[in-house]
Amino acid sequence: MKKKSIIKVCVFLILLAILAGVGYGMRPICSPIADEALGHFGVPIEERQDRDFYMKVFQHKNDGHWYQCKTAMSRAFFF
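Residues in the sequence shown are numbered consecutively from 1256, following the numbering used here.
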């Protein structure tokens, strides 16, 4: 009996660690786009619809600047 409960706890902890890792990897990281770079987009940034998992990549914030937002996982593997 004791061995089964230890296995259940280990499985639970492993699943919890995986869930925490996915949550950490899916958090958004936004970096500002320089004003000089905005003019070099082939398609105007206002018209772009690029998406990264669950959010728009190019976001216009209340401070008047454009940001490139991606998940931490995308930034780590695909820049």
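Heads up, the beta-carbon is just placed ideally off N, CA and C, and yes, glycines get one too. Please read these numbers as outputs of a predicted model, since none were measured by experiment.
First and last residue of the alpha helix (DSSP H) that includes residue i?
{"i": "Ile-1273", "result": "1257 to 1280"}
{"i": "Phe-1332", "result": "1327 to 1333"}
Can you tell me which of the options puts its alpha carbon nearest to the alpha carbon of residue i?
{"i": "Tyr-1322", "options": "Phe-1333, Met-1328 and Leu-1293", "result": "Leu-1293"}
{"i": "Lys-1316", "options": "Phe-1308, Pro-1287 and Pro-1283", "result": "Pro-1287"}
Between the C-alpha atoms of residue i and residue j, what's the straight-line distance to the nearest angstrom?
{"i": "Arg-1330", "j": "Val-1298", "result": "22 angstroms"}
{"i": "Ala-1327", "j": "Leu-1274", "result": "15 angstroms"}
{"i": "Phe-1332", "j": "Asp-1307", "result": "13 angstroms"}
{"i": "Tyr-1279", "j": "Phe-1313", "result": "21 angstroms"}
{"i": "Met-1310", "j": "His-1295", "result": "23 angstroms"}
{"i": "Cys-1285", "j": "Ile-1261", "result": "41 angstroms"}
Quiz item: Within the chosen definition, does the segment 1298 to 1311 reach the segment 1259 to 1270 through at least 3 CB pairs nearer than 8 angstroms?
Solution: no
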